[in-house]
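Under full-length UniProt numbering, the residue at position 241 of the sequence shown is numbered 241, and the numbers go up by one with no gaps.
Using N, Cα and C, we set each Cβ at its ideal position, and we do this for glycine too.
Being a predicted model, the structure only gives us computed values, none of them experimental.
First the structure, in the form of structure tokens, and then the observations on it.
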Amino acid sequence: MRDVATAAAVSVKTVSRVVHNYPFISDDVRRRVQAEIRRLGFRPNGYAVGLRRTDRTGGGIGVLAADLADPFYAAMISAIEEVSTARSFTTLVAGSGEDPARERALLTSFVERRLDGLVVVSADHEHEHLRPYLDIGTRIVFADRPPRRLPVDCVLAGHADGAAQAVRHLLGQGHTAIAYVGHSPAVHTAAERLRGFRAELGAAGLEPHAVRTDATDSAAAFRVTAELLAAGTAPTAIFADNPRLVGGVARAIATSRAPRTALVAFDDSELAEVLGVTVVAQDVRELGGEAARLLFARLDGERSRPRQLVLPTTLIPRGSGEGLGVALR
């Protein structure tokens with residue numbers, strides 16, 4: 001670290017702050033220090049010891065998810081932990097709450113604990129700040145949402161294709177007035193689902209009947225759907241872009257003047273199964289397992305170019321594509 005400080009004409013403390021991604025470092029100083037880290041091949045001692053291990057057992061990894069209360073992330077983390085435990089690794093878990101500032105603080109904390117690698121579901125829209133972690137030997141894999149300008153592996157589900165599957169199913173049932181109920185496309189997964197929804201309708205020569213991206217939870221989904229169904233020209237079918245919205249959308253349909261409105265949702269849930277809602281499901285355990293396997297491949301020394309795995313989705317028809325009232329009979 002002293003050599004890096006001398007070469008970059010800064011203090012050892014400044015080098016340490018750059019390595020651990022502290023704020024309030026000027027861009028010029030940060031770039032200078034990072035350049036010397038790469039040129040000198042600097043690795044803190046704890047990382048050097050870890051990188052000399054060849055069996056890669058008995059270490060630790062960190063998992064950063066968006067919402068630990070969400071069953072989706074619980075299943076993903078469970079799958080990651082299974083792979084990690086089989087390698088005798090400890091798994092530390094934290095949730096960002098979709099807050100980029102909290103995410104950065106948690107990742108810094110993980111790195112300071114000298115974990116061997118990280119699986120990240122990022123709420124951030126920029127990831128250049130993670131480069132110093134790569135420079136000091138931390139292995140990183142992104143899951144569910146892709147990295148921005150960061151050369152790391154990632155595992156995604158086919159969100160756009162899944163939404164297109166849902167639209168094709170509804171078109172096959174004779175629907176042409178199809179509305180979209182979802183959350184903000186500022187989130188990658190929502191943006192991809194909306195893209196697939198629009199593209200498939202466009203391929204059929206149709207426009208969305210309506211697009212609502214203000215359904216942040218079940219209560220909001222109920223309100224949004226009720227507004228759509230109370231309009232003079234109501235949709236005959238609705239695509240809900242995530243499983244947390246199913247209850248609200250279904251309740252609004254059931255209590256409306258159009259109780260036979262069709263419903264298809266992205267991703268499966270116990271509620272969707274109970275209500276007989278047709279879904280496009282992703283294999284979240286496979287997503288978590290693949291992310292962990294990619295991470296351990298890197299820890300074992302694989303040096304190939306970063307890979308992006310896109311896992312397929314599966315349509316599970318339960319009758320609500322004809323009309324939710326039909327499914328509930």
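Check your understanding: Under 8 Å, do H209 and A179 count as touching if we go by C-beta distance?
Key -> yes
Exercise for review: Counting only runs of 4+ residues fully inside the segment 167-251, write out the alpha helix (DSSP H) ranges in chain order.
Suggested key: 188-203 and 218-230
Check your understanding: Should H175 and A237 be called a contact, given that it needs their Cβ atoms to be closer than 8 Å?
Key -> yes
Review point. At a cut of 8 Å, does the segment 60-68 reach the segment 81-95 through at least three beta carbon pairs?
Key: yes
**Study point:** Nearest neighbour of T278, chosen from P243, F42, S304 and R257 [CA to CA]
**Key:** P243
Check your understanding: Quick one, are the C-beta atoms of R303 and R139 less than 8 Å apart?
Key -> no
Point to revise | For V33, the first and last residue of its enclosing alpha helix (DSSP H) | key: D27 to L40
Exercise for review: Go ahead and label P151 buried or exposed: buried means 16 or more other beta carbons lie within 10 angstroms of its beta carbon, across all protein chains shown.
Suggested key: exposed
**Study point:** Unbroken alpha helix (DSSP H) run spanning A105, endpoints
**Key:** P100 to E112
**Study point:** DSSP state of G46 mapped onto helix, strand, coil
**Key:** Reliability of the predicted coordinates at G46 is poor, the pLDDT of 46 falling under 50, and the value obtained from them is presented with this limitation in mind. Helix.
Point to revise | Alpha carbon of G41 to alpha carbon of R31, nearest angstrom | key: 15 Å
Review point. Using CA coordinates, which residue listed in L107, V187, G323 and P147 is at the minimum distance from R307?
Key: P147
Check your understanding: What residues in its chain sit with their C-beta under 6 Å from that of A220, if we drop five residues either side in the sequence?
Key -> none
**Study point:** Three-pair Cβ contact test at 8 Å for the segment 69-80 versus the segment 273-288
**Key:** yes
Practice item. May I ask you to verify whether the segment 199-206 touches the segment 221-230, counting CB pairs closer than 8 Å and requiring at least 3? Key: no
Review point. Which of the three DSSP states, helix, strand or coil, is assigned to F89?
Key: coil
Practice item. Determine the contact status of A250 and E322, defining contact as a CB-CB distance below 8 Å. Key: no
Check your understanding: What does a CB cutoff of less than 8 Å around A12 pick up in its chain, not counting 5 residues either side in sequence?
Key -> Checking the displayed sequence, the identity of residue 12 turns out to be Val instead of Ala. Excluding residues within five positions, the ones whose Cβ falls inside 8 Å are M1, R2 and A5.
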